[in-house]
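Student: Questions regarding the structure given below will be posed in turn.
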C-alpha cells in the first residue's frame, strides 16, 4: 500500500472550519488560514491508496459534520487542490507546479443580503501555488463544483497589502474581509465614512483597486454553476474508495485545445487622455484582433487605444475606470477599421439566459478564432471583467482557457459567475 500525497492535508485539524460564517459588513475576519495544527489522527487512521492521486475515504476523516453540512472544510479543499495541481503539473504551461507548493488557503466570501441584513458567507478557498506564481480556486460550498478555476497569475490575496497601502484609498478603512463575486471578481470589503449610510461598505477590486458600492446577492445559488450536479460531484469525491483515482471521480487530465500564437499582453503606455487603465474589454479584444492582424507587441498600445475609443470605454464615478457597457463590446469590434480585416461580432451571448453553450466556444476555437468571455458581479449595465478565450479543456468538465489581460493565463469553469456572456470575434 502506498501512502497518498493527501495524507498531509488530512492531518489538518478542522475543528474551527465552520466558524467563518459569522461576519456582518462591519466585522473583520482573518484573510489567511493559519499554519496547520498538530492532529490527533494516528498512523492507523491515515488514508492509504493504490495511486498517487487517490482521494480515498476522506469522509471517514471528515466525520458526520462534513457529511451533513454544505460547507467544504479546509482539509477537503486542500486535498482537492493538491490532487488537481499534481495532475496539472504535466501540462506544458504548468510544468513548474507541484502539489508540495500549494500554500495556505485564503477564504473569500460572498456578500449575501437577507431581510435587509448583509452577511458574508464562505464562497471559495484560493490557494497560492509555486511561491505565488499561480493559484487554484476551490469551492467552499457543496452547492458549487469543486474546482472553479486556476491560473498562472499570483493569487489575488497577494495584492491586499499593496492595495491597503495605496494613497488613493486614504478615505477607506479596510476590514480585510475578502470577497468573491464569481469569475475573476476578487475584492476586499472597506468602509467609506464619507459615503451615504447605504453605501458606506465598499467592494474594492483587488486587481484594479477601484472601489464601488458593495453588491449583494440572495445566496450562493445565485451562481450559474450552482446545481444539483455540483453536490453530486462532492458526494462522489467523499464516497470514493481508496482504490479510486482522481481520474475515476471526475477530475481527468487536461485535454487543452487552443489557438496557437494568440498574444498574451496587457497595456503599455499610460499617457492617454483618459485614466491610465485602458480597460479589460479593449485589451481582451486587442489580443483576438491582434492574432488575426499579426500585431506586434510593440504596436499593441495603438490597437488597444483604438478599441478603447470604439467601445466607448469610460470612467464611471464611484465605480472605477476602464469600464465598458456590454453592448458596446461587439459594436466596438465591428467598428474597428484600421487593420487588414473587417470583423463580424454578433451581439453578446448571455450565458444566464441559455443562449451560450460550450459547443459555441469549441466551434470558434476549433476554427482558429479567439473570442471574449465577460463576467459581471451583478450590474448588467457594466462589465466586471473580460478575458480573451484562447482555448478550452473538456476532459471531464468544461473550462475556458483565457488570457487574463494582465499577462497571465487562467482556466475558468463554465458558469462560474453570477452573470456572463461570450462575444465572438470573426474576420469577415
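Numbering (the numbering used here), first residue to last: 47 to 474.
The beta-carbon is built from N, C-alpha and C at its ideal position, and this holds for glycine as well.
1. Just checking my contact of residue 169 with residue 187 at CB under 8 Å: how many whole Å lie between their CB atoms?
2. On the DSSP bridge list, what partners appear for residue 356?
3. Under the three-state reduction of DSSP, which class applies to residue 236: helix, strand or coil?
4. How close, in whole Å, do the beta carbons of residue 263 and residue 157 come, if the pair is a contact with beta carbons under 8 Å?
5. So, at 7 Å on beta carbons, what are the nonlocal neighbours of residue 276 in its own chain, with the 5 sequence-adjacent residues on each side left out?
6. By alpha-carbon positions, which one of 127, 115, 225, 148 ends up nearest to residue 248?
7. Answer with buried or exposed for residue 453, where buried requires no fewer than 16 other C-beta atoms within 10 angstroms of its C-beta.
8. So what's residue 206 in DSSP terms, helix, strand or just coil?
9. Between which residues of its own chain and residue 252 is the CB-CB distance below 7 Å, once the five residues before and five after are set aside?
10. Classify residue 146: buried if its beta carbon has 16 or more other beta carbons within 10 angstroms, exposed otherwise.
11. For the stretch 356–375 against the stretch 439–454, do three or more pairs of beta-carbon atoms, one drawn from each stretch, fall closer than 8 Å, so that the two count as touching?
12. Select from 261, 372, 306 the residue whose C-alpha is nearest the C-alpha of residue 466.
13. Under the three-state reduction of DSSP, which class applies to residue 441: helix, strand or coil?
14. Output yes or no for whether 7 Å exceeds the beta carbon distance between residue 330 and residue 379.
15. Exposed or buried, which one is residue 133 when buried takes at least 16 other CB atoms within 10 Å?
16. Would you kindly work out how many angstroms separate the C-alpha atoms of residue 138 and residue 302, rounded to a whole number?
17. Let me make sure I understand the geometry here. Which of 415, 141, 176 has the alpha-carbon closest to that of residue 337?
18. Give me the Cα-Cα distance between residue 160 and residue 222, rounded to the nearest whole angstrom.
19. CB residue 431 to CB residue 230, shorter than 7 Å?
20. Provide the residue span of the beta strand (DSSP E) that contains residue 373, from first to last.
21. Between residue 257 and the rest of its own chain, which residues show a CB-CB distance below 6 Å, the 5 nearest in sequence each way excluded?
22. Look up residue 180 in the DSSP assignment and give the residues it is bridged to.
23. What residues in its chain sit with their C-beta under 6 Å from that of residue 127, if we drop five residues either side in the sequence?
24. Since residue 273 is in the beta strand (DSSP E), which residue starts that stretch and which ends it?
25. Thinking just about the alpha-carbon of each residue, which of 385, 409, 261 is nearest to the one in residue 163?
26. Excluding five sequence neighbours on each side, which residues of the same chain lie with their C-beta closer than 7 Å to the C-beta of residue 399?
27. Which term fits residue 167, buried or exposed, when burial requires 16 or more other beta carbons within 10 angstroms of its beta carbon?
28. Could you tell me the alpha carbon to alpha carbon distance between residue 439 and residue 404, rounded to whole angstroms?
29. Residues in the same chain with beta-carbon distance under 8 Å from residue 375, minus the five sequence neighbours each way, listed in chain order, please.
30. Can you give me the Cβ contacts of residue 73 inside the same chain, cut-off strictly under 6 Å, excluding the 5 residues immediately before and after it?
31. Whole angstroms is fine: what's the gap from residue 130's alpha carbon to residue 179's?
32. Could you work out which residue in 458, 325, 362, 135 is closest to residue 349 when comparing CA atoms only?
33. Taking residue 456 as the reference, give the member of 227, 386, 196 with the closest Cα.
34. Quick one: is residue 281 buried, meaning 16 or more other Cβ sit within 10 Å of its Cβ, or exposed?
35. Which same chain residues end up closer than 8 Å to residue 254 when comparing Cβ atoms and leaving out the 5 residues on each side of it in sequence?
36. Compute the Euclidean distance between the alpha carbons of residue 351 and residue 278, then round it to the nearest angstrom.
Tutor: The short version:
1. Looking up residue 169 in the chain shown gives position 123. Looking up residue 187 in the chain shown gives position 141. Confirmed, Cβ separation roughly 7 Å.
2. The residue labelled residue 356 in the question sits at position 310 within the chain shown. According to DSSP, which records beta bridges pairwise, residue 356 is partnered with nothing at all.
3. The sequence position of residue 236 within the chain shown is 190, counting from 1. Residue 236: strand per DSSP, three-state reduction.
4. The count along the chain shown starts at 1 and reaches residue 263 at position 217. The count along the chain shown starts at 1 and reaches residue 157 at position 111. So it is a contact: roughly 7 Å between Cβ atoms.
5. Here residue 276 corresponds to residue number 230 of the chain shown, with the count starting at 1. Contacts found: 188, 189, 190, 191.
6. Locating residue 248 in the chain shown gives position 202, counting from the first residue. With distances taken between Cα atoms, residue 248 lies closest to 225.
7. Position 407 of the chain shown, counted from the start, is the residue given in the question as residue 453. That one is exposed.
8. Here residue 206 is taken as the residue at index 160 of the chain shown, counted from 1. The answer is helix: DSSP assigns residue 206 an H, G or I state.
9. Counted from its first residue, the chain shown places residue 252 at position 206. The answer, listed in chain order, is 202, 205, 206, 209, 232, 233, 234.
10. As a first step, residue 146 is located in the chain shown; it is residue number 100 there, counting from the start. Flag for residue 146 reads exposed.
11. no
12. As a working mapping, residue 466 is identified with position 420 in the chain shown. Of the candidates 261, 372, 306, the one whose C-alpha sits nearest the C-alpha of residue 466 is 372.
13. For this step, residue 441 is matched to residue 395 along the chain shown. Correct three-state label for residue 441: coil.
14. To locate residue 330, count along the chain shown from 1; it is residue 284. To locate residue 379, count along the chain shown from 1; it is residue 333. Against a cut-off of 7 Å, the Cβ pair of residue 379 and residue 330 comes out as no contact.
15. Translated into the one-based positions of the chain shown, residue 133 becomes position 87. The residue in question, residue 133, is buried, as its Cβ has 16 or more Cβ neighbours within 10 Å.
16. Mapped onto the chain shown, residue 138 falls at position 92. Mapped onto the chain shown, residue 302 falls at position 256. Near 10 Å, if we compare the C-alpha coordinates of residue 302 and residue 138.
17. Here residue 337 refers to the residue found at position 291 of the chain shown. Closest by alpha carbon: 415.
18. As a working note, residue 160 is residue 114 in the chain shown. As a working note, residue 222 is residue 176 in the chain shown. Cα-Cα distance, rounded: 22 Å.
19. As a working note, residue 431 is residue 385 in the chain shown. As a working note, residue 230 is residue 184 in the chain shown. A contact, by the Cβ cut-off of 7 Å.
20. In the chain shown, counting from the first residue as 1, residue 373 sits at position 327. Here residue 373 belongs to no beta strand (DSSP E), and DSSP marks it neither H nor E.
21. If you number the chain shown from 1, residue 257 lands on position 211. Same-chain partners within the cutoff: 248, 250.
22. Locating residue 180 in the chain shown gives position 134, where the first residue counts as 1. According to DSSP, which records beta bridges pairwise, residue 180 is partnered with 175.
23. In the chain shown, counting from the first residue as 1, residue 127 sits at position 81. Excluding sequence neighbours, residue 127 sits near 148, 173, 182, 184.
24. Start at 1 with the first residue of the chain shown, and residue 273 comes out as number 227. From DSSP, residue 273 is part of no beta strand (DSSP E); its letter is neither H nor E.
25. Numbered from 1 along the chain shown, position 117 holds the residue referred to as residue 163. Checking every option, the nearest Cα to that of residue 163 belongs to 261.
26. As a first step, residue 399 must be located in the chain shown, where it is residue number 353. At residue 399, the pLDDT of 40 sits below 50, so the modelled position is not reliable and the matter cannot be decided from this model.
27. Translated into the one-based positions of the chain shown, residue 167 becomes position 121. By the 10 Å Cβ count, residue 167 comes out buried.
28. Locating residue 439 in the chain shown gives position 393, counting from the first residue. Locating residue 404 in the chain shown gives position 358, counting from the first residue. So the two alpha carbons sit approximately 10 Å from each other.
29. If you number the chain shown from 1, residue 375 lands on position 329. Excluding sequence neighbours, residue 375 sits near 327, 331, 357, 391, 394, 418, 420, 429, 432, 469.
30. Locating residue 73 in the chain shown gives position 27, counting from the first residue. Since pLDDT at residue 73 reaches only 33, below the 50 mark, its modelled position is unreliable, and no value is offered.
31. Residue 130 sits at position 84 when you count from the first residue of the chain shown. Residue 179 sits at position 133 when you count from the first residue of the chain shown. When rounded, the distance between both Cα atoms is 16 Å.
32. Residue numbering aside, residue 349 sits at position 303 when the chain shown is read from its first letter. Among 458, 325, 362, 135, the Cα nearest to that of residue 349 belongs to 325.
33. Position 410 of the chain shown holds residue 456. If we check each option's Cα against that of residue 456, 196 comes out closest.
34. Position 235 of the chain shown holds residue 281. Residue 281 should be labelled exposed.
35. Numbered from 1 along the chain shown, position 208 holds the residue referred to as residue 254. Excluding sequence neighbours, residue 254 sits near 323, 366, 367, 368.
36. Along the chain shown, read from residue 1 onward, the residue named residue 351 stands at position 305. Along the chain shown, read from residue 1 onward, the residue named residue 278 stands at position 232. Going by the C-alpha atoms only, they are around 46 Å apart.
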